[in-house]
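Chains as they are written, first to last, in our numbering: chain A, -4 to 258; chain B, 944 to 1591; chain C, 5 to 418.
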Amino acid sequence: MSNNNLSVISLVSLGEHPTSRRPRRAEQDARAIELGIKLVGDNLQTLHAGELSDDASQQTALRSYLGMGLAEIKLLEMPADADAVLVIADYLKQQKTDIILTGVRAENGESSGMLPYLLAEQLGMAMVTSIADILSIDEVNKQAEVLQALPRGQRRKLKVDLPFIASVDMAAALPRQSAFGPAMRGQFETTLGGTFTDEESSDWQIVDAKKRPKRLKIIKAKTAADRFKAATAKASGGGGKVVYGVEESAQAILDLLIEEGLI
Amino acid sequence: MSSSEFLSHFLFTLISFALLLTLVGAVKRMLLWSQGQSSTIHWLGLLQIPRRYLVDLHHVVARDKYMSNTHVATAGGFVLSSILIILLYVFQLTLQILTWALLGSSLLMFIGSIFVMLRRRNPPPNLSLGKWQRLPKSLMVFSLSFFILTLPATGILPSDTGGWLLALLLVAGIIWGIGEMFCGMTWGGPMKHAFAGALHLGLHRRQERFGGQSTGLKAIDLSSKKLGVEKPIDFKWNQLLSFDACVECGRCENNCPAFAAGQPLNPKKLIQDMVIGMAGGDDAKFAGSPYPGIKVGTHKGGAIIPIVNVLVESETLWSCTTCRACVDACPMMIEHVDAIVDMRRFETMEKGQTPGKGSEILENLSATDNPNGFAPSTRMNWAADQNLTVFGHNEKKQQVTQADVLLWVGDAAFDMRNQRTLRAMIKLLRAAKVDFAVLGDAECDSGDLARRLGDEATFQRLANSNISTMNKYSFNTIVTADPHAFHCIKNEYGEFGGNYNVMHHTGFFAELVSQQKIKLDNSKELALTYHDPCYLGRYNGEYDAPRFLLESMGVKIKEMERSKSTARCCGGGGGAPVTDIPGKQRIPDMRMADVIETKAEIVAVACPGCSAMLEGVVEPRPEVKDIAELMLDALIEDTGEDMVGAQV
Amino acid sequence: MSELFRRDPRAQWIARNRLHPLHQALVIGPVFGPSGLLRKNLHLIGFIGPNGLKRIDRSGASNNSEQGSRRSATASEVILPLHQVVEPAFYIVVVLDLVSGRLNSHDKDTLGLAQQLANRNSGGGAVVAIAFGELKDDSLDKAGVDRLIHINDEQYADYNPEQRCNDLQGIIAELEPQHILLPDSINGGGDLGRRLAAALQQRPACGVWKLNDDTVICRGSAGKRDITRPLSKLLLVMEECSEPISETRHENSLMSQAPSPLTNGKLLDQGNISVDPNAIPLAEAGFILSGGNGINDWEQFHHTASVLGATEGASRVAVDDGNMPRERQVGATGTWVTAQVYIAVGISGAIQHMQGIGQCDKVVAINTDEGCDMVKRADISAIGDSTEILARLVELVEQRKQIKQTINGGATNE
């Protein structure tokens, strides 16, 4: 696709690895960059609101976006705990942008997924969530065709007016590998973003997520006999069942598929 | 003027001119090499050339007795003849003894060339044809011409024998012979190998190879403008020189597991492509086996043209298992693996194009310090029931900072198969009452995989992290069951300030067994063969300890045809399972076929990579067992007697 | 069901024992005494008249047809107590996802939490459910809906979050609800809730999974942390955030709502595009048919996958042998899958493979070897020749499809 006149900005955040909790490039943001590069190649602008930390691993994480072949990332400097929405909105209001790409939600912090919606509201743009791809852009009619990701690999086609904000789903094309050389040589263009502190979240209690207990099957029994039966019956039927014979096997599998609603 | 007088005058001019021409060629060739990046010049090495040629090179050549004898005759005859020719015809010394010597040396060379000719009657596929088919004829013409030329001078034949006709024939023969043998040396003929090869032996990038070992990859400066090799001129100058030393004997090709599996790699072709890249041109004239599946004549290159996907397809680079079979087999001591990794570095660190699952694995390594992305905090989960001593802060016990042995667990910690080996090792260490401790969650992947996938940055980060962890504690020996970690820590951490006494578990256990600290039952009869891991064998020369251990268990090893230094790789090295370049068959399947050929029921391994690859072969197949597991089966545990003795 | 009359000694015993709790439910049909005589149970006949006396109508007019019916397998449906909110003190608004017009478990859990909020402290709140588009479900009353606002129009069949957001703003302005709850789902609730939050300039609590008095616990950091924060007005709740309503019936009375004017949205739904099951990335696929070394007939395997509508997977060996492409490989060395149903055909289950399917819900093994690891892991294991079993399975599925077609065809003809 050659969309030379198109102005596309991707917003990136610091990701966090799910098991090691180390900073990394956020998976969805990286996909957003990949999609942006597909749309406009080197003309893609990338924006990050935050600070360039002295912490090596955090810098490496931010630089790994540069390693995807970006020449620079615009850095709107703000304290790590400040509200990025206002900072970014302030900046974007001064730009003429056609498409803003973000991830669906951040990998750390509140990760409410509100940022693209708030930006859309403030900038008066259309907002489309969880996209897997941008199929085409009609610059004359100011419309784009996008593919929205639905559960289990299903896709919905949407037409959306330009300019718009799209949050990119995990179903989008895999991001290219981040290469060390370009990552080290890429530049940050820093501007002061302003400080809008988020006071509300300061008194929240944040702890590591524990596994949520599995919901117990509650048996609504009206009689003692039913309650007795429920208490003594085998916990789960069908577990580890072994069937022999072609007919029985096929039937048992079919029953399971019907039970799971797949057929 | 008689024909003999004419000859002697003419020869002076001819040979002087040829030598001048050779010199011009040599300068031109050196200019080609000098396009490369700077690297230490080991001038003293030049003095070592004869020794290296006669000892190190011939040690490799002598694996093929026929060729070794042939080469001694031909090359010895040629070198001697050349010196004598220069003395006789350029410096015009007229010592009779020299004439007789030339007669002898040219005869020797002629005999040698007959054998070269015979070898090339029905050349095996690893030999290059084309100009190399011309070489035996040139050798014969050269030696025969000078032999006949010398005959009258010795007085065996009267001077002027044959008259002008013979003189003309001799002139023609000498022009051919000298053209090929002298000028061809520096102008790109088959004899180039003698000139470049000699210099390469002297100025080799790994001087320690001669009479020692040098197998660790060399670090690069991560802050340089270009990481890795993109174009031929990005190689070091002495690497460019080494490519020119290739004789296209194809021993590398014979030993390359990827080539045998039909993956698009042929080490010989790769080196020849590097020569093409250095000098410019296309590969149409290459007369050896192609990269499997890629037609010869479709690629071209130049010194300042990117190599990958222009001269060499990227699949070629990523097929390599870094098993070093080619390097080990190369009589010219060319370092194929260095060149491949250099080019991989550019692919990964500049282009970000590690194929297959490479990108995912590298991302995992940087985020979790292990290739499969497991939480670093679960590294010790496998040993929950082992009650291991962990270096550093322990929950209840005091700070542990000292132990005799540091047990390097490696990424087998996350792999259910290789946890069995680890458990066996721990039992054995405990049986031998070894004082050992592990690094626990602080241990990171050794960096072997990242480095071989070209990600030097991640390797250096992991290496530095491991070194700073280990430097906090004091221990005498590092013991590991993973030859890759063993090699990395032993040979590659030194550049980053990590110098340790590292042992592979087979070496360590062999010591314990010979000291009687571990007693093994040697009564069992096992039909067993042993598979040498590349990183233990070829990389570190350890062939005996595993065999000693197996023999201590009473096993008579049914050796595979390819064992020890020629052992075939299991296919698991160098990130080959990660990049997963398709071929016609799988390397582990071929290796398992080698095992089955010995009729062994068990194949003993000494590497978690090998056990994973060989166990991946579809059953039925011989059982795969690590030596530690076999030892545990044969362990004679101390009954209470010693304890009682100690108490009394 | 068989027409044979079967004696049920226990039922007969209960029928004789008037003190048994089930006695009432069972003695509907004719009761035979010990001597075989037909006995009428006078307690069950008739009705209580207006003056409080029992009346037996022998004219047959009020005769219920229960007489002579056999003992039915299902007990009569229990009628749950009705929960009424006559004068709501406040409103709790729940916007339902209604995937294909029905309540799903996420909707029910959301309603359950809404009822908790409506009845906490002194209670008195009413749960207003808002349903967009077609509504096929008739169990809203049992799921905890006190009031229903149903906005239906042709355009609500499509994805039109902007219009819905507008409608919601109107409703909220009118009802001034204490809380607004939406399922934080990919089926529309998550999107709509965030749009609404942005429009209302309300900071929502997203990923709420627990309510404690005046605080909620939310999953933050993409599922890695729990955030305890004050209860907010707008809540986007996770599945299983609360038990669904099961003990009470609710009014489910329709509230009229003047439809807000249709706005010109910036989004235009072009409809779902048909996705080939094999184009779905393995990691996302919900139903995987995976083949291994034990498959002899790959043609049949592909055919089975297409008939079942399953995404194809493969074991490493099958990939190595060139029977399947590399990106189809399941396992620790291939793709980690999360399918709802995973059928492993001829895969004995190497450790790496078992690791890769660890997240799957239901695993079916088809294998000749009963002792293999896959059989140990599987929920259903079919032991036998995979070719025959797959062939029979395809037959059964196709039969079922045909039957369905004829039924559907008949329905449209009427």
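All C-beta atoms in this analysis are idealised placements derived from N, C-alpha and C, irrespective of residue type, glycine included.
Quick caveat: nothing in here was measured; it's all calculated off a predicted structure.
Across the set R1322(B), G1098(B), M1217(B), L1305(B), the C-alpha of M1217(B) shows the shortest separation from the C-alpha of W976(B). In this structure, the straight-line span from the alpha carbon of A1519(B) to that of M1413(B) is close to 29 angstroms.
Annotation: F1089(B) has no Cβ neighbours in chain A at a cutoff of 8 angstroms; minimum Cβ distance is about 56 angstroms. Just so you know, the alpha carbons of Y1416(B) and Q117(A) end up roughly 57 angstroms apart. Residue-level contact by beta carbon fails for Q53(A) and chain C, as no gap is shorter than 8 angstroms. Per the coordinates, the alpha-carbon of E72(A) lies some 11 angstroms from the alpha-carbon of Y86(A). For D324(C), the nearest CB of chain B lies under 8 angstroms from its own CB, placing it at the interface with that chain. Here the C-alpha atom of L113(A) lies approximately 27 angstroms from the C-alpha atom of G148(A). In this structure, W1107(B) lies near S946(B), with their beta-carbon atoms less than 8 angstroms apart. In this structure, the beta-carbon distance from L172(C) to V89(C) does not fall below 8 angstroms. In this structure, the straight-line span from the alpha carbon of I253(A) to that of Y1473(B) is close to 52 angstroms. In the three-state scheme derived from DSSP, where H, G and I count as helix and E and B as strand, Q1035(B) is classed as coil. Contact between L1070(B) and C1192(B) holds, with the beta-carbon distance rounding to 7 angstroms and staying under 8 angstroms.
Not a single CB atom of chain A sits nearer than 8 angstroms to the CB of L1405(B).
Annotation: the continuous alpha helix (DSSP H) that includes F949(B) extends over 946 to 976. Burial of I1570(B) is indicated by the presence of at least 16 other C-beta atoms within 10 angstroms of its C-beta. Around the beta carbon of I1099(B), fewer than 16 other beta carbons sit within 10 angstroms, so the residue counts as exposed. The Cβ-Cβ distance between D389(C) and V367(C) does not fall below 8 angstroms. In this structure, S981(B) is the residue among F1089(B), G1353(B), S981(B), L963(B) with its C-alpha nearest to the C-alpha of L1146(B). Of R1322(B), A1406(B), I1530(B), T1364(B), the smallest CA-CA separation from V1381(B) is found for R1322(B). With fewer than 16 other CB atoms across the displayed protein chains lying within 10 angstroms of its CB, Y239(A) is exposed.
Apart from sequence neighbours up to five positions away, the residues of its chain that approach G1517(B) with a beta-carbon distance below 6 angstroms are C1263, T1264, T1265, R1395, ordered along the chain. The beta-carbon of Q89(A) is placed no less than 8 angstroms from the nearest beta-carbon of chain B. In this structure, the alpha-carbon of I355(C) lies about 7 angstroms from that of M1359(B). R332(C) is positioned such that its CB atom lies no closer than 8 angstroms to that of A314(C).
Straight-line spacing of the CA atoms in S15(A) and F1317(B) works out to 8 angstroms.
Here L1183(B) has W976, G979, M1221 as same chain residues with Cβ atoms under 6 angstroms from its own Cβ, once five neighbours each way along the sequence are excluded. Distance from the CA of E1278(B) to the CA of C1126(B), rounded to the nearest whole angstrom, comes to 27 angstroms. Non-local beta-carbon contacts of H27(C) in its own chain, meaning distances under 8 angstroms to residues more than five positions away in sequence, involve I18, A19, N21 in chain order. Taking the CA atoms as reference points, Q409(C) sits about 15 angstroms from V311(C). The CB of F175(A) comes closer than 9 angstroms to the CB of L1165, L1170, T1291, M1292, E1293, G1295, D1398, E1399, A1400, T1401 in chain B, given here in chain order. In this structure, R1529(B) keeps its C-beta atom at 8 angstroms or more from the C-beta atom of A1246(B). Going by C-alpha positions, M1503(B) is about 6 angstroms away from D1537(B).
From the beta-carbon of S225(C), the residues of chain A found nearer than 7 angstroms are E11, E102, N103, G104, S106. In the three-state reduction of the DSSP assignment, N216(C) falls in the strand class, which pools E and B. When the five nearest sequence neighbours on each side are left out, the beta carbons in the same chain lying within less than 8 angstroms of the beta carbon of V1059(B) are those of T1013, T1017, L1078, P1079, L1082, in order along the chain.
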